[in-house]
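S.K.: Got a structure here, written out as structure tokens. Questions coming.
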Amino acid sequence: MSLLKIISKDFDIPENISEGELRRAMVDAFAYLVDNDFPKLIQILYKADVDQYKLKELLETTEDRSAAEVIADAYIARQLAKIETWKKYSK
Numbered sequence: 001m002s003l004l005k006i007i008s009k010d011f012d013i014p015e016n017i018s019e020g021e022l023r024r025a026m027v028d029a030f031a032y033l034v035d036n037d038f039p040k041l042i043q044i045l046y047k048a049d050v051d052q053y054k055l056k057e058l059l060e061t062t063e064d065r066s067a068a069e070v071i072a073d074a075y076i077a078r079q080l081a082k083i084e085t086w087k088k089y090s091k
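Under the UniProt record's numbering, the residue at position 13 of the sequence shown is numbered 13, and the numbers go up by one with no gaps.
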């Protein structure tokens with residue numbers, strides 16, 4: 001299972017996107033959701049199993065990045081952790 005495949009379940013992401021472009025696309029997508037569709041944002045984070053308490057702490061303590069960047073990084077990190085878990089137990 002690839003990161004792009006997991007993320008494309010929640011977002012319309014091109015298949016030939018680089019990792020750097022993927023992060024930028026995720027930041028843009030989360031910025032849009034923060035401003036325009038907060039219920040969908042919550043639904044996506046819940047479905048991805050992003051730790052709400054850790055995310056809240058990150059949002060409160062991170063000063064050099066936007067909320068969208070913090071959320072995107074937490075979301076991507078959670079998806080990468082899922083991939084590692086699947087790899088570990090699929091052998």
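Just so it is clear, CB atoms sit at the ideal spot from N, CA and C, and this is done for glycine as well.
Just so you know, these numbers come straight off a predicted model, no measurement behind them.
Between Thr62 and Val70, is the Cβ-Cβ spacing less than 7 angstroms?
M.R.: Cβ distance < 7 angstroms, so Thr62 and Val70 count as in contact.
S.K.: Does the distance between the C-beta of Ile7 and the nearest non-hydrogen atom of the ligand MG fall short of 6 angstroms?
M.R.: Only the bare structure without any ligand can be found here, which leaves the ligand MG out of the picture.
S.K.: What is the rounded straight-line gap between the Cα of Glu21 and the Cα of Gln43?
M.R.: Roughly 24 angstroms separates the two Cα atoms.
S.K.: Along the alpha helix (DSSP H) that carries Val50, what are the first and last residues, could you check?
M.R.: Segment: none, Val50 is in no alpha helix (DSSP H) and carries neither H nor E.
S.K.: For Asp73, report the span of its alpha helix (DSSP H) as first-last.
M.R.: Element bounds for Asp73: 67-89.
S.K.: Among Lys5, Arg78, Ala29, whose alpha-carbon lies nearest the alpha-carbon of Gln52?
M.R.: The residue with the shortest Cα to Cα distance from Gln52 is Arg78.
S.K.: Nearest by alpha-carbon distance to Leu58: which of Asp28, Ser8, Tyr75, Pro14 is it?
M.R.: Out of Asp28, Ser8, Tyr75, Pro14, Tyr75 has the C-alpha closest to the C-alpha of Leu58.
S.K.: Could you check if Ala81 is buried or exposed, using at least 16 other CB atoms within 10 Å of its CB as the buried criterion?
M.R.: Burial call: exposed.
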